[in-house]
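*Asks:* Protein chains in written order, with my numbering: chain A, 1 to 143; chain B, 144 to 286.
Glycine included, each C-beta is placed from N, C-alpha and C at the ideal position.
Bear in mind the structure is a predicted one, so any value in this text is a computation, not a measurement.
Could you have a look at this structure, given as structure tokens, before my questions?
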DNA sequence: CGGTAATAGTTATTAATGGTAACTATTTTG
DNA sequence: CAAAATAGTTACCATTAATAACTATTACCG
């Protein structure tokens, strides 16, 4: 499947730019959206939860959460374990989730225009398989 | 197709990281590889050619070419039009192209392990359709 | 119990990547 | 020939994320 990466990666810039434009109305970028999305779907969580889920380092999430706090989309409350801060969506955060969710879903539908349902589905299902293969094989050592 | 972007972007990070690790042996990253790839497949070219092809701004390519020059993988020679500099691969650049091409193709094959040929093909064909839709629709104005 | 290791989170620094604006040098156009 | 267009560069800035070093708290274990 020579040329696959090229096609795959070529799509990235247009997509991320479009998404960021889409969300700029709400002062969000896709990276911030990920945090909101996680909180909405997993409930109040710690920074480490989020970092593990997206496979990024802790400082990355610290920054994102601080930005979301400035915009008052999330709040941090101390956990029972006093090392932890539990991050949760505010009312505003929930509202923005709803608005963005709709916009993103609309875009997800519109980029699939003219593509047969079965082809959409196969592509949808193939991506995680590829990711599994990468995580398994290219994890760093190839054993 | 809700959740498609999520899957797409999640794969992106693993893929680009793996590719960059793969090429770090040759002091390349994927962004530098793109320039080498273009030169190999289109022959000696100008900076503007490359920028147009990848849809990025000129300074972006200036930087990449300068890095490749430092590594002596490309040279710039003055064109007949004396504004232009024609960029071309050196011997070393060609060698590195070959070595990387092989590594990348190997990786392209290995990430498809366990995925039926037809599914690979459909995914391969669907990606550019999605990109077309994005470029058409989200180009900035939606007309 | 007390000390060491582990964990949650932060800050500072750095790197990769790419856009915008402003500029020079040359060529094209009319 | 003057003005517009084009190729390329430089300087500056934004986004994103990794690493290292640090504080505070909790868990573990002899």
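1. Which stretch, first to last residue, makes up the beta strand (DSSP E) that contains residue 89 of chain A?
2. When you compare each of B:218, B:164, B:201 and B:210 to residue 186 of chain B by their alpha carbons, which one comes out closest?
3. How long is the line joining the alpha carbons of residue 241 of chain B and residue 249 of chain B, rounded to whole angstroms?
4. If you reduce the DSSP assignment to three classes, tell me which class residue 188 of chain B lands in.
5. From the DSSP output, in three-state form, read off residue 111 of chain A for me.
6. Check the Cβ of residue 129 of chain A against every Cβ in chain B and list those closer than 8 Å, keeping chain order.
7. For the beta strand (DSSP E) containing residue 75 of chain A, list its first residue and its last residue.
8. Any idea what DSSP makes of residue 221 of chain A, helix, strand or coil?
9. Assuming the contact rule is C-beta atoms closer than 8 Å, residue 228 of chain B and residue 189 of chain B should be a hit. Round their C-beta distance to whole Å, please.
10. With a threshold of 8 Å between beta-carbons, can residue 7 of chain A be considered close to chain B, or not?
11. Could you give the distance in angstroms between the alpha-carbon of residue 237 of chain B and the alpha-carbon of residue 9 of chain A?
12. Please check if any C-beta of chain A sits within less than 8 Å of the C-beta of residue 219 of chain B.
13. Just curious, the alpha helix (DSSP H) that residue 65 of chain A is in, first and last residue?
14. When you compare only the Cα positions, how much space is there between residue 239 of chain B and residue 197 of chain B?
15. Alpha helix (DSSP H) containing residue 81 of chain A: first to last residue?
*Replies:* This is what the structure holds:
1. The count along the first chain starts at 1 and reaches residue 89 of chain A at position 89. That run of the beta strand (DSSP E) goes 85-89.
2. Translated into the one-based positions of the second chain, residue 186 of chain B becomes position 43. When only C-alpha atoms are compared, the closest one is B:218.
3. Sequence index remark: in the second chain, residue 241 of chain B carries index 98 (1-based). Sequence index remark: in the second chain, residue 249 of chain B carries index 106 (1-based). Straight-line spacing of the CA atoms in residue 241 of chain B and residue 249 of chain B works out to 12 Å.
4. Mapped onto the second chain, residue 188 of chain B falls at position 45. DSSP places residue 188 of chain B in strand when its eight states are reduced to three.
5. Within the first chain, the letter at position 111 stands for residue 111 of chain A. Assigned with DSSP and collapsed to three states, residue 111 of chain A falls in coil, not helix or strand.
6. Mapped onto the first chain, residue 129 of chain A falls at position 129. Chain B residues near residue 129 of chain A: 257 and 258.
7. As a position in the first chain, residue 75 of chain A is number 75, starting the count at 1. Here the beta strand (DSSP E) through residue 75 of chain A covers 74-78.
8. No information on residue 221 of chain A is available, as it lies outside the stretch 1 to 143 that chain A covers here.
9. Counting from one through the second chain, the residue named residue 228 of chain B turns up at place 85. Counting from one through the second chain, the residue named residue 189 of chain B turns up at place 46. That belief holds up - the Cβ atoms of residue 228 of chain B and residue 189 of chain B are roughly 7 Å apart, short of 8 Å.
10. Position 7 of the first chain, counted from the first residue, corresponds to residue 7 of chain A. It does; some Cβ of chain B falls within 8 Å.
11. One-based indexing of the second chain puts residue 237 of chain B at position 94. One-based indexing of the first chain puts residue 9 of chain A at position 9. As the crow flies, the alpha-carbon of residue 237 of chain B is around 23 Å from that of residue 9 of chain A.
12. Along the second chain, one-based indexing puts residue 219 of chain B at 76. For residue 219 of chain B, the answer is no, since every Cβ of chain A falls outside 8 Å of its Cβ.
13. Within the first chain, the letter at position 65 stands for residue 65 of chain A. Where residue 65 of chain A is concerned, the enclosing alpha helix (DSSP H) stretches over 58-70.
14. Here residue 239 of chain B corresponds to residue number 96 of the second chain, with the count starting at 1. Here residue 197 of chain B corresponds to residue number 54 of the second chain, with the count starting at 1. Their Cα atoms are separated by approximately 21 Å.
15. Your numbering for residue 81 of chain A matches position 81 in the first chain. Note, residue 81 of chain A: premise wrong, no alpha helix (DSSP H); not H, not E.
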